[in-house]
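The working numbering puts the first residue of the sequence shown at 602, with every later residue one more than the last.
From the three backbone atoms N, C-alpha and C, an ideal C-beta is built for every residue, glycine too.
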Amino acid sequence: MAAQPPGSEACLLAAEERLNRWRRTGKVERERRGSIAVAAKKPPGKGQGPTKKNVLETVLWLLIILGLLLIVLQGTGYVEFFAIQGKGALYGLAVIAAALAGAVLNSYLQTSKLREALRKLNQQQSRRKSITIPHSPEEEGSRPEETEEQEEWREQVKFTAVIEERQRLARELHDAVSQQLFAISMTATAVSRTIEKDWERARRQVQLIEEMAAVAQSEMRALLLHLRPVHLDGKNLAQALERLVGELKAKVPMDITVDVDPTILFRPSAEDHLFRIAQEALSNALRHAKASKMVMRLERDGAKAKLSFADNGVGFDLEEKKQASYGLLTMEERIHELGGNIQIHTAPGEGTAIEMWLPLEDGKGGF
Numbered sequence: 602m603a604a605q606p607p608g609s610e611a612c613l614l615a616a617e618e619r620l621n622r623w624r625r626t627g628k629v630e631r632e633r634r635g636s637i638a639v640a641a642k643k644p645p646g647k648g649q650g651p652t653k654k655n656v657l658e659t660v661l662w663l664l665i666i667l668g669l670l671l672i673v674l675q676g677t678g679y680v681e682f683f684a685i686q687g688k689g690a691l692y693g694l695a696v697i698a699a700a701l702a703g704a705v706l707n708s709y710l711q712t713s714k715l716r717e718a719l720r721k722l723n724q725q726q727s728r729r730k731s732i733t734i735p736h737s738p739e740e741e742g743s744r745p746e747e748t749e750e751q752e753e754w755r756e757q758v759k760f761t762a763v764i765e766e767r768q769r770l771a772r773e774l775h776d777a778v779s780q781q782l783f784a785i786s787m788t789a790t791a792v793s794r795t796i797e798k799d800w801e802r803a804r805r806q807v808q809l810i811e812e813m814a815a816v817a818q819s820e821m822r823a824l825l826l827h828l829r830p831v832h833l834d835g836k837n838l839a840q841a842l843e844r845l846v847g848e849l850k851a852k853v854p855m856d857i858t859v860d861v862d863p864t865i866l867f868r869p870s871a872e873d874h875l876f877r878i879a880q881e882a883l884s885n886a887l888r889h890a891k892a893s894k895m896v897m898r899l900e901r902d903g904a905k906a907k908l909s910f911a912d913n914g915v916g917f918d919l920e921e922k923k924q925a926s927y928g929l930l931t932m933e934e935r936i937h938e939l940g941g942n943i944q945i946h947t948a949p950g951e952g953t954a955i956e957m958w959l960p961l962e963d964g965k966g967g968f
């Protein structure tokens, strides 16, 4: 039995590396089938936590470690030194040894828990991501149960996504629109107090109210983009983008140009993702970029389709913003799910350009 790394962080890193290696080699599927077969044979309660064999092995290793520790101390003369100092020193040495043994035991127990959690995670991931084709009566009989579990998992994912989106919109409404309306209310109260005493100051306050109201209106329009249904009403992505931009042009003070290739077709699921990405890009430009112009393009780039957005706004520091921006992270996650890649070019005062590439297969891209 090989000694396990004492740190939980090292155990996690090793577990992640092992899981990634299993995914690359296809071992996850074999582990899933084996674990299902073993679980069917085991009575309830087995396989939970360290077994008696593991505990005995742990005790044996503790004795070996203590023996090695005593040999090292004796070789360096510390045992004779402590013997000369008396029982108090020997007692202190025993306490130190017990503390070391306890630390090793705790590390092993934590490692066992991590192994158990990793085993359960492997089983869950394999059940979620694998599609079993039955080749025997046993597999045929187990297929309805797996399909039901997969359906339940999909429903949980949808429910979680809805809750997260609601929470995000609530935060956006509180952090942006609600604060703007509160500022407008406070400024309006100040105007009523200063209009008779200082007309010029009151006039500036009214102008400030107009500016804040315009900002709040832009914030609301940007948030309403996320409330649009993702269903494209039978239109392809190019038609849906043109319609979306056409509606925005009549409502927002931004010159938006759309240049799309109508011959580029995607699978419906990919079009839904890309439409959401376009909504997020437009929302960011309206709320944060302070841009007066934006160009949206969908074109062919070799064997791939390229979707790009560029504005002349204020730009931002990518390294700082990327860690905190929910919108940018969502865009990256969506494009990666479709098998594509994304590049963001921006800097303070230099605008923003977002470029995405998706593979095209038989005239259609994505999944």
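- Message: I need the straight-line Cα distance from W785 to Q808, nearest angstrom please.
- Response: First, the amino acid is wrong: residue 785 is Ile here, not Trp. Each residue's Cα considered, the two are about 11 Å apart.
- Message: Can you find the residues in the same chain that come closer than 8 Å, C-beta to C-beta, to A791, ignoring five residues on each side of it along the sequence?
- Response: Closer than 8 Å at the Cβ level, and outside the excluded window around A791, lie Q806.
- Query: If you run the structure through DSSP and keep just helix, strand and coil, what is A837?
  - Reply: The amino acid at residue 837 is misidentified as Ala; the sequence shows Asn. Note: N837 maps to coil in three-state DSSP.
- Item | R935 and I865 closer than 8 Å at C-beta | Result no, Cβ atoms of R935 and I865 do not sit closer than 8 Å.
- Enclosing beta strand (DSSP E) for H946 [first to last residue]: If you look at H946, you'll find it in the beta strand (DSSP E) that goes 942-947.
- Taking buried to mean at least 16 other C-beta atoms within 10 Å of its own C-beta, is S893 buried or exposed? With fewer than 16 Cβ atoms within 10 Å of its Cβ, S893 is classed as exposed.
- Message: Run through the DSSP bridge pairs and tell me what W958 is partnered with.
- Response: DSSP lists K907, N942 as the bridge partner or partners of W958.
- Message: Considering just the uninterrupted stretch of the beta strand (DSSP E) at R898, what are its terminal residues?
- Response: Going by DSSP, R898 is part of the beta strand (DSSP E) stretching over 894-902.
- Taking the C-alpha atoms as reference points, what is the distance between G928 and H937? Rounded to the nearest angstrom, the two C-alpha atoms are 14 Å apart.
- Task: Please go through the same chain and pick out, in chain order, the residues whose beta-carbon is closer than 7 Å to the beta-carbon of G914, but skip the five residues on each side of it.
- Result: Beyond the five residues adjoining it in sequence on each side, G914 comes within less than 7 Å, by CB distance, of A886, A890, K891, A892, G952, T953 in the same chain, given in chain order.
- Examine the ligand ADP and report whether any of its heavy atoms sits within less than 7 Å of the Cβ of H874. In terms of ligand content, the structure shown is empty, and the ligand ADP therefore cannot be addressed.
- So what does DSSP say about D873, is it helix, strand or coil? If DSSP states are grouped into helix, strand and coil, D873 belongs with the helices.
- So A906 and M895 are in contact, right, with Cβ under 8 Å, and what is the actual spacing, rounded? So it is not a contact: roughly 20 Å between Cβ atoms.
- Item | Which of helix, strand or coil DSSP assigns to E739 | Per-residue confidence for E739 stands at a pLDDT of 45, beneath the threshold of 50, marking its modelled position as unreliable; the derived number appears in the next sentence. DSSP places E739 in the helix class (H, G or I) of the three-state scheme.
- Could you check the C-alpha separation between V846 and R794 for me, to the nearest Å? Those two C-alpha atoms are separated by around 43 Å.
- Note down the Cα distance separating L1016 from V859, rounded to an integer number of angstroms. Only positions 602 to 968 of the chain appear in this structure, which leaves residue 1016 out of reach.
- Query: When the Cα atoms are used, what is the spatial distance from P854 to L875?
  - Reply: C-alpha of P854 to C-alpha of L875: approximately 24 Å in a straight line.
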